[in-house]
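Novice: Chains as they are written, first to last, in this note's numbering: chain W, 7 to 271; chain D, 369 to 1009. The beta carbon of each residue, even a glycine, is placed where N, CA and C say it ideally should be. These numbers were taken from a predicted model, which means no experiment stands behind them.
#1: Using 10 angstroms around the beta-carbon of residue 122(W), count the other beta-carbons present and answer buried if the total reaches 16, otherwise exposed.
#2: Is it true that the CB of residue 435(D) sits closer than 8 Å to the CB of residue 572(D)?
#3: Would you check if the segment 76-96 of chain W and the segment 57-64 of chain W touch, i.e. whether three or more CB-CB distances between them fall below 8 Å?
#4: Quick one: which residues of the segment 79-96 of chain W get their C-beta closer than 7 Å to a C-beta of chain D? List them in chain order.
#5: Considering just the uninterrupted stretch of the beta strand (DSSP E) at residue 718(D), what are its terminal residues?
#6: Output yes if chain W places a C-beta closer than 8 Å to the C-beta of residue 997(D); else output no.
#7: Could you tell me the alpha carbon to alpha carbon distance between residue 532(D) and residue 608(D), rounded to whole angstroms?
#8: Is the CB of residue 158(W) under 8 Å away from at least one CB in chain D?
#9: Spatial neighbours of residue 546(D) within its chain, please: CB distance less than 7 Å, with the 5 preceding and 5 following residues excluded, ordered by chain position.
#10: Rounded to whole angstroms, what's the CA-CA distance from residue 704(D) to residue 395(D)? Just pull it up for me.
#11: Can you tell which of 424(D), 719(D) and 756(D) has its C-alpha closest to the C-alpha of residue 807(D)?
#12: What in chain W is Cβ-close to residue 1005(D), meaning under 7 Å?
#13: Give the secondary structure of residue 712(D) by DSSP, where H, G and I count as helix, E and B as strand, and everything else as coil.
#14: I want to verify the contact list: residues of chain W whose CB lies under 7 Å from the CB of residue 915(D), in sequence order.
#15: Would you verify that the beta carbon of residue 154(W) is, or is not, closer than 8 Å to some beta carbon of chain D?
#16: Going by the DSSP bridge assignment, what does residue 707(D) pair with across the sheet?
#17: What's the C-alpha gap between residue 701(D) and residue 439(D)?
#18: Using 8 Å as the threshold, is the C-beta distance between residue 866(D) and residue 884(D) below it?
#19: Do residue 910(D) and residue 180(W) come within 8 Å of each other at the CB atom, strictly closer than that value?
#20: Give me, in chain order, the residues of the same chain whose beta-carbon lies closer than 7 Å to that of residue 208(W); leave out the 5 immediate sequence neighbours on both sides.
#21: So with CB distances below 9 Å, who are the chain D contacts of residue 61(W)?
#22: Compare the C-beta of residue 904(D) with all C-beta atoms of chain A and state if any pair is closer than 8 Å.
#23: Between the C-alpha atoms of residue 721(D) and residue 982(D), what's the straight-line distance to the nearest angstrom?
#24: Taking Cβ-Cβ distances below 9 Å as the criterion, which residues of the segment 388-406 of chain D are in contact with chain W?
#25: For residue 33(W), which of helix, strand or coil comes out of DSSP?
#26: Residue 369(D): buried (16+ other C-beta within 10 angstroms of its C-beta) or exposed?
#27: Starting from the Cα of residue 10(W), find the closest Cα among 33(W), 22(W), 20(W) and 17(W) and give me that residue.
#28: Any C-beta of chain W sitting closer than 8 Å to the C-beta of residue 925(D)?
#29: From residue 131(W) to residue 159(W), what distance separates their C-alpha atoms?
#30: Sort 97(W), 39(W), 28(W) and 16(W) by Cα distance to residue 932(D) and report the nearest one.
#31: Mind checking the segment 750-763 of chain D against chain W and listing, in chain order, the residues whose C-beta falls within less than 8 Å of any C-beta there?
#32: Is residue 780(D) helix, strand or coil when you go by DSSP?
#33: According to DSSP, simplified to helix, strand and coil, what is residue 745(D)?
#34: Please confirm whether residue 219(W) and residue 50(W) have their CB atoms less than 8 Å apart.
#35: Could you give the DSSP three-state label for residue 550(D): helix, strand or coil?
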């Protein structure tokens, strides 16, 4: 059972003003091995909180979350994370960044070198091994971040808006890359995004979350990710079903936002 | 010679660079738009002009240009100054540079004093009316002394004769002075003078003491006249001194005046004698009146027209003297800006900018002199190498107690007076460095000492400050616990600690290194803390997710991430340490650049002061450039993350 299981997950924050914010309320879900879950929702719905809890960076207020029947208590190698801004170590080169996890495990440098080269080739950065990371473009930085995470062979990959800061063209290319890696490695992936299109394109399953309190509003099972493995992503976007789903979700989020604004006023 | 070449070189460079700059303005395309910041780029030629101007101002105001082009001008001006000095007393008798005759101003002054004292007496509550009458009669009598001196009819023939005599001497001097071969120097006199000139040395020369080998004070202006023109003035000055002495010995005391003043003095004397102890006020007034009378007696007060001829003679000499100066006057005006050479008594000195602004050539020569390890400053070279046996270093590093903890006893002398060495004794010799190995060169000297102090203080500060700062940036306990300590001592100016630390830890290296350690410690802690707490959370999260342990995160993520702050902190700390060190060396010590400057200050060695300033600037710049290079090399990602 390599599943990610969440049971009655609650997260309550206290703001500096003293108000309590119910970031997550009674979250229950199960993610099977090899599934690609995309999470969508307006800002403040607890997407990132969910990811941080899963990664082990914060502890939930109540409830528990298990991976492989093991309760998540602190960060671990089996859960790799890809951040919005790459979070690369700029004092290291591309290869050294990718190699970081293996070096921390004190693996044989000759062996790791080979692995690093392999992964650089998979993410399309062959020949960039010795480049300092601060000279890379945003898309290339995210490729390094992906390779750095995947070289550790994690069971679960957590992506926190990994493509959010990229331009449209690079974004499309990266989306294909994510799908390709998903297929080739068969990893379980949770991807958080702001973009409805991206959530539909990449998500085998899709959670639309709602804020105050943060909860799963609606759940979809989608065919587009499997289609995207064979077809061009742009073709899928022309699909009628895709457009309908997109409009439906957009409407849903729009309503949620309006509700919040109304509440604020 | 060098100064002359340099002056011309600077002049032509400046002109060339200005012409080049003007051409560039017309040809450079980006210059078309005013406000474009690129218009400020480049401009090495203006840097040359700027530095040249600085150098030129230095050369000019230190009078080095005068020295370069007219090396003997200072000596000649010294002779002229001697004449002016000798003539000063005589000139002040007449309205030549003053507004009125000395006699007139003296009379005015004493009359004023008499009126003042009279008013005081009249308004006094402590004097009886009888006393007042007596005292005022004394004032009247004192006042009546003046006409006895200023009446032409009373002027004695003898005095008249003497005045004519002095006038004649001045006129004779003027006549002689105008002659081209004055002062009629003979061959042996000439040779002796030239020998003296040679022995005395040139303007601004620095001599080295043959015995101790240390530098002595610089000869500011040579006194012995080196040129013929100088000799003329020198001799005239000597003659004028005699004439002036003769005049000031002369007293215009005719018999009437003598008897009157004697009468007055006796009268006041007996009056004061008869006063009681409780009539001290009257006594004091009487005493003050006598004082004024005495001043009138010894002032050179003459009848209005009695000295007319003498005045004319002095003016005539003044003109002759000015004519004889010739080109020297222009040199004085144009090449001795902001001051000139002045004489007082037998010695001459520079007065004005030439005094405190040392000449570049002198400074350079003195620097070369001081750089010689055999001379140095206060018997220590600025920077040199000495051979030190490695055993001394081993003895310094190994603690002496190693020998103490070994079993056995130290050797004891026998009854024959022989000391037999044993194992424990042998070890003691090793740990105290009492043996011979091979020698290695080790730098030493003032510059090295200063450098070493900064370096050691900095290294200790980094070794303790960086780990502590990182710890404080990451740990609530450490931050809370150490914050009060650091925040209490850090805002205190480092020099405020200096007297305390130097008196506790001694004037040697320990105190100074500790002071610098304190300076660098707080800076390093603060910068390392800022670096550690400034680490992006996502990087730390990423490292955690990649399986790094706490220690690994500290070494591989937080430390490299704080490196820009730490290195910037080191750069700041070096600057602070350097400034503090020099001041600390001022306070106490026996070596170091600051010590040199402090000693030089005591002896008015302006060149040495400027040399130390220059050395400090250069070393500070060197440190900064080195660190900047290191920073660019080690953290190329800075500002790009």
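Specialist: To lay it out plainly:
#1: As a first step, residue 122(W) must be located in the first chain, where it is residue number 116. Buried, since its Cβ has 16 or more Cβ neighbours within 10 Å.
#2: Within the second chain, numbered from 1, the residue matching residue 572(D) stands at position 204. Within the second chain, numbered from 1, the residue matching residue 435(D) stands at position 67. Cβ distance < 8 Å, so residue 572(D) and residue 435(D) count as in contact.
#3: yes
#4: 81, 83, 85, 86, 87, 89, 91, 93, 95 and 96
#5: Here residue 718(D) refers to the residue found at position 350 of the second chain. Unbroken beta strand (DSSP E) run through residue 718(D): 715-720.
#6: For the purposes of this step, residue 997(D) is identified with residue 629 of the second chain, where counting begins at 1. Output row for residue 997(D): interface = no.
#7: Working through the second chain from its first residue, we reach residue 532(D) at position 164. Working through the second chain from its first residue, we reach residue 608(D) at position 240. Looking at the two C-alpha atoms, the distance is approximately 16 Å.
#8: Stepping through the first chain from its first residue, residue 158(W) is reached at position 152. So, interface residue.
#9: As a working mapping, residue 546(D) is identified with position 178 in the second chain. Result list for residue 546(D): 688, in chain order.
#10: Numbered from 1 along the second chain, position 336 holds the residue referred to as residue 704(D). Numbered from 1 along the second chain, position 27 holds the residue referred to as residue 395(D). Each residue's Cα considered, the two are about 41 Å apart.
#11: Walking along the second chain from the start, residue 807(D) turns up at place 439. If we check each option's Cα against that of residue 807(D), 756(D) comes out closest.
#12: If you number the second chain from 1, residue 1005(D) lands on position 637. The contacting residues are 96, 97, 138 and 140.
#13: The residue given as residue 712(D) occupies position 344 in the second chain. Reduced to three states, the DSSP call for residue 712(D) is strand.
#14: Locating residue 915(D) in the second chain gives position 547, where the first residue counts as 1. Those within 7 Å of residue 915(D) in chain W are 83, 107, 110, 111 and 158.
#15: In the first chain, counting from the first residue as 1, residue 154(W) sits at position 148. For residue 154(W), the answer is yes, since a Cβ of chain D falls inside 8 Å of its Cβ.
#16: Within the second chain, numbered from 1, the residue matching residue 707(D) stands at position 339. Note: residue 707(D) sits in a beta bridge opposite 720(D).
#17: Here residue 701(D) is taken as the residue at index 333 of the second chain, counted from 1. Here residue 439(D) is taken as the residue at index 71 of the second chain, counted from 1. Their Cα atoms are separated by approximately 16 Å.
#18: As a working mapping, residue 866(D) is identified with position 498 in the second chain. As a working mapping, residue 884(D) is identified with position 516 in the second chain. In this structure, residue 884(D) does not lie closer than 8 Å to residue 866(D) by Cβ.
#19: Numbered from 1 along the first chain, position 174 holds the residue referred to as residue 180(W). Numbered from 1 along the second chain, position 542 holds the residue referred to as residue 910(D). No, the pair does not count as a contact, with Cβ atoms beyond the cut-off.
#20: Here the question's residue 208(W) lines up with position 202 in the first chain. Excluding residues within five positions, the ones whose Cβ falls inside 7 Å are 42, 44, 181, 184, 185, 197 and 231.
#21: As a position in the first chain, residue 61(W) is number 55, starting the count at 1. Chain D residues near residue 61(W): 909, 912 and 913.
#22: No chain A is present in this structure, whose protein chains are W and D.
#23: On the second chain, position 353 is the one that residue 721(D) refers to. On the second chain, position 614 is the one that residue 982(D) refers to. Going by the C-alpha atoms only, they are around 18 Å apart.
#24: none
#25: What you label residue 33(W) is simply residue 27 of the first chain in a count that begins at 1. Three-state result, residue 33(W): strand.
#26: As a first step, residue 369(D) is located in the second chain; it is residue number 1 there, counting from the start. Exposed, by the Cβ-count rule.
#27: Here residue 10(W) corresponds to residue number 4 of the first chain, with the count starting at 1. Of the candidates 33(W), 22(W), 20(W) and 17(W), the one whose C-alpha sits nearest the C-alpha of residue 10(W) is 33(W).
#28: Counting from 1 along the second chain, the entry for residue 925(D) is found at position 557. It does: the Cβ of residue 925(D) has a partner Cβ on chain W nearer than 8 Å.
#29: If you number the first chain from 1, residue 131(W) lands on position 125. If you number the first chain from 1, residue 159(W) lands on position 153. Roughly 19 Å between the two C-alpha positions.
#30: Here the question's residue 932(D) lines up with position 564 in the second chain. Closest option to residue 932(D), Cα to Cα, is 97(W).
#31: none
#32: Within the second chain, the letter at position 412 stands for residue 780(D). Here residue 780(D) sits in coil by DSSP.
#33: Within the second chain, residue 745(D) is the residue found at index 377, counting from 1. DSSP places residue 745(D) in strand when its eight states are reduced to three.
#34: Position 213 of the first chain, counted from the start, is the residue given in the question as residue 219(W). Position 44 of the first chain, counted from the start, is the residue given in the question as residue 50(W). Not in contact: residue 219(W) and residue 50(W) (Cβ atoms no closer than 8 Å).
#35: Working through the second chain from its first residue, we reach residue 550(D) at position 182. It is coil, neither helix nor strand.
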